[in-house]
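If you use my numbering, the sequence shown closes out at 99, no skipped numbers anywhere.
One structure is given here, and the rest of the page talks about it.
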Amino acid sequence: MSQNLNLELSDEVYQTLKQQAKNAGLSLQEWIVFSLTQQSHNQEDRTVAEKEAVRDRFRRHAGAINLGYPTGADNESIDADLARAYNNENETEN
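Structure below.
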């Protein structure tokens, strides 16, 4: 069984997809169906181990930035940081 779907695309996306379809020797409709099918299979084909490996790579980035001073949920510190940032923006605009 198949389903019909109407898509509203920006001109930029439409032109990009049209060019990709032309390069692949397919009609625009065939290219879109092919691309979506490939994407859905890629998601389904990942094993649990592969999905966990992706999560682990993502988690490695947590805490990767060191500001040189401790941070937390101290509202006074946050307010001071925001005030400095706003002052710097206003100074550069003048």
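Glycine is no exception: its CB is placed at the ideal position from the N, C-alpha and C atoms.
- Scanning its chain for C-beta atoms nearer than 8 Å, with the 5 sequence neighbours on each side dropped, one finds around L14 the residues L22, in chain order.
- A straight-line Cα-Cα distance of about 14 Å links V38 and K27.
- Closest in alpha carbon position to L72, among D86, E94 and R64, is D86.
- If you look at Q8, you'll find it isn't in any alpha helix (DSSP H); DSSP assigns it neither H nor E.
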